[in-house]
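Structure first, then comments.
Number of protein chains: 2
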Amino acid sequence: MSAPLPSERAFIPFVSVENMMRLVHHIGIETVLIELTDAIEADFRRWDLFDKTPRVASHSHDGVIELMPTSDGAVYSFKYVNGHPKNMAQGLQTVTAFGLLAEVSTGYPVLLTEMTLLTALRTAATSAMAAKHLAPANSRRLTLIGNGAQAEFQALAMKAVLGIEEVRLYDIDPRATEKTVRNLARTGLRLVPCTSAQAAIEGADIITTCTADKQFATILTDNMVGAGVHINAIGGDCPGKTELHRDILLRSDTFVEYPPQTRIEGEIQQMGADYPVTELWQVVSGRAPGRSSDGQITLFDSVGFAIEDFSALRYVREKLAGTDYFQKLDIIADPDDPRDLFGMLLRAA
Amino acid sequence: MSAPLPSERAFIPFVSVENMMRLVHHIGIETVLIELTDAIEADFRRWDLFDKTPRVASHSHDGVIELMPTSDGAVYSFKYVNGHPKNMAQGLQTVTAFGLLAEVSTGYPVLLTEMTLLTALRTAATSAMAAKHLAPANSRRLTLIGNGAQAEFQALAMKAVLGIEEVRLYDIDPRATEKTVRNLARTGLRLVPCTSAQAAIEGADIITTCTADKQFATILTDNMVGAGVHINAIGGDCPGKTELHRDILLRSDTFVEYPPQTRIEGEIQQMGADYPVTELWQVVSGRAPGRSSDGQITLFDSVGFAIEDFSALRYVREKLAGTDYFQKLDIIADPDDPRDLFGMLLRAA
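Chains as they are written, first to last, in the UniProt record's numbering: chain A, 1 to 349; chain B, 1 to 349.
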């Protein structure tokens, strides 16, 4: 290779899975969850500034592949993410993801990173942000139904941001619950594995459902849900996939990220187009009330939205400064004379 | 780091700019252009199989960032590409790109690659494929108006695929023409730099316009275009950006990639929604006629479509086999137990 070295602009920082884990431990998992919650909340407060579009989904028999772009006018982000419930049986992740930040003024990428871990962190942080505004005051008891890859992140975010002390756990597969209990053993949380969903939700202030089946399921029925609880429904996140019986929705005040996406993908796909929802950003920015009475059932019908990924990507970019938790990737062809792309190719011969 | 090594599935092959250049020279530039033309043509023949959607564009004052996804049911692809005409003044590329292939059945990525060079190659190959079906028989003379980053690729593809012998060149900036002449000096093409568009199109069988201004421009006016010519318009590729006077469109038979996208982005954005077009895939697969008379003016109103990128990405993946023109990138978090993402993070502490 006699080609001249590419310019600095040709290289973009790449955060591998290994480096993401190093970065998270460097900061501390709970600190990351608290700071991500703040970062997402700050972006929800300037919601109007963002270009918003429902994610672009490619559905197949086995799952879905989605692209989730957004921009605040200065920075552009997108995430690639898949959802394949059957993957687990092959020893593969149900959800994997990576993402990118770019400069709007030039279109040049400025960060490429793994986002499987980062998505788990930002999803938990988003749940915590919603619960801050919607859960009963002084919530101390969390129920986790579905103890898969997202479970520990949810528990720790609710502990770090809300002060949750007890986590009650249920999964149709007891090994999933055992795994979650093992992983959370040293966190200071009081862990109560349960043998039924009914037992798990006893006395809960917050009920989080995060199951993965790609179908209409009924993880919670109406009679299971008492007055005053906050439900954080994060597993129903694509067309044909829900977790709650519709009667629960009829008794709840429902909060969503971006209605055009949630009406297609969320729990509310079971309801008519006129089913009332409140946009979470309006609560966060003080334009709409969150919880308004002790007996109210609040439901965060969460499907995940591009702005949360934007916040997480910007957070990672800030935290990378001054560290070596990234590689530089030669992904942008950057000839000295921008019109001379072919000349650059010729000179590499 | 005491974490166990990630599994093979966690690593995906990444083709850097340097490795793409090595791969192209290993195969030979003209061979790549011929084989890419064949690959794109093969996919155009099975057009019906693909998931098709107009690209997802994020427009800003200075340019556009686009995501271009497609899938044939077995393989999914997308490209990230920007278009920023003002970049050149800062010494940056107008267009940069990268792309990805993934397995539809699992959603796992299987290839990540630079696509700035690959887009230049596939755009030229697509032009050559269209010209095979639309240009006058025995075309020998090509005019290139706009001698920027795409010019040499166009010239070589038309030589390799159609047997073009003479290339007439014009650009508003004579240095761009000089650069193109210099780069094509050893290709065996007869090169004729011209001082006006009018002079450049004299005697042309094929006229290719590839200018970059983001505005309604008139690179060709009606009186400049004689009977029987094939016009390959590739510079007008976003809303508000065109190159041809509309009177030319009124005299031409116009062929396009994907009408829902071209009506927004192509030359035909100047015409009504009922302006007749023929889809190029129908010509390629024998369902619609291409050129039908000597006097006919044919126009390929090319904006670039996701299936062309799909073909190019699959081509690169095939050609990588048995070479070392790639790195392995740790971009997919892949714990031993797929539900134990958090445990993987803990063990990395």
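The beta-carbon is built from N, C-alpha and C at its ideal position, and this holds for glycine as well.
Bear in mind the structure is a predicted one, so any value in this text is a computation, not a measurement.
- Taking a C-beta cut-off of 8 Å against chain B, the contacting residues of the segment 314 to 332 of chain A are LEU329, ASP330, ILE331 and ILE332, listed in chain order.
- Listed along the chain, the chain A residues whose CB falls inside 9 Å of the CB of LYS179 (chain B) are ASP337, ARG339, ASP340, PHE342 and GLY343.
- Two segments are said to touch when three or more pairs of C-beta atoms, one from each, lie closer than 8 Å; by this definition the segment 303 to 310 of chain B touches the segment 68 to 86 of chain B.
- Comparing alpha-carbon positions, the option among A:THR211, A:ARG140, A:ALA39 and A:THR262 lying closest to THR94 (chain A) turns out to be A:THR211.
- In this structure, the straight-line span from the alpha carbon of TRP47 (chain A) to that of ALA155 (chain A) is close to 27 Å.
- The DSSP-derived three-state label of LEU189 (chain B) is coil.
- Close CB contacts of GLY83 (chain B) within its chain, under the 7 Å cut and outside five residues either way in sequence, are with GLY63, VAL64, THR94, VAL95 and CYS238 (chain order).
- The C-beta of PRO276 (chain B) has fewer than 16 other C-beta atoms within 10 Å across all chains shown, which makes the residue exposed.
- In this chain, HIS230 (chain B) is not harboured by any alpha helix (DSSP H); it is covered by the beta strand (DSSP E) spanning 230 to 233.
- Interface flag for GLY188 (chain A) against chain B is unset, since no Cβ pair is found closer than 7 Å.
- ILE264 (chain A) and VAL229 (chain B) have their C-alpha atoms spaced approximately 49 Å apart.
- It is roughly 37 Å from the alpha-carbon of THR116 (chain A) to the alpha-carbon of GLN150 (chain B).
- Non-local C-beta neighbours of VAL225 (chain B) in its own chain, meaning closer than 6 Å and more than five positions away in sequence, comprise ILE248, ordered along the chain.
- Going by beta carbons, ASP43 (chain A) and SER311 (chain A) fall inside the 7 Å limit.
- For ASN147 (chain B), there is no enclosing alpha helix (DSSP H), as DSSP marks it with neither H nor E.
- For the set A:TYR325, A:ALA199, A:ASN183 and A:ARG9, the Cα lying nearest the Cα of THR106 (chain A) is the one of A:ARG9.
- Distances from the alpha-carbon of THR218 (chain A) to those of A:THR177, A:ILE172, A:CYS194 and A:VAL192 put A:ILE172 closest.
- When 9 Å is used as the limit between beta carbons, ILE65 (chain B) is near these residues of chain A: PRO69, SER71, TYR76, PHE78, ALA102, VAL104 and GLY107, in chain order.
- Contact of LEU118 (chain A) with chain B is not assigned, every C-beta pair being separated by 7 Å or more.
- When Cβ pairs closer than 8 Å are counted between the two stretches, the segment 162 to 176 of chain A is seen to touch the segment 192 to 201 of chain A, the count reaching three or more.
- If you check the CB distance, PHE326 (chain A) and ASN19 (chain A) come in under 7 Å.
- Boundaries of the beta strand (DSSP E) harbouring ILE297 (chain A): 297 to 301, taken from the DSSP string.
- Taking CB atoms only, HIS26 (chain A) has no neighbour in chain B less than 7 Å away.
- LEU49 (chain A) sits exposed, since fewer than 16 C-beta atoms from the chains shown fall within 10 Å of its C-beta.
- Under the DSSP definition of a beta bridge, ASP253 (chain B) partners with B:THR298.
- In the assembly as shown, GLU257 (chain B) is a buried residue. Its beta-carbon has 16 or more other beta-carbons within 10 Å.
- According to DSSP, residue pairing for LEU280 (chain B) in a beta bridge does not occur.
- For PHE98 (chain B), the nearest CB of chain A lies under 7 Å from its own CB, placing it at the interface with that chain.
- By the C-beta criterion, the segment 130 to 143 of chain A is judged to be in contact with the segment 157 to 165 of chain A, since at least 3 inter-stretch pairs fall below 8 Å.
- For PHE153 (chain B), the chain A residues whose C-beta falls within less than 7 Å of its own C-beta are PHE342, listed in chain order.
- For the pair GLY322 (chain B) and PRO193 (chain B), the Cα-to-Cα distance works out to about 42 Å.
- With a threshold of 16 other beta carbon atoms within 10 Å, HIS245 (chain B) meets it and is buried.
- Note that the C-beta distance between PHE255 (chain B) and LEU280 (chain B) is below 7 Å.
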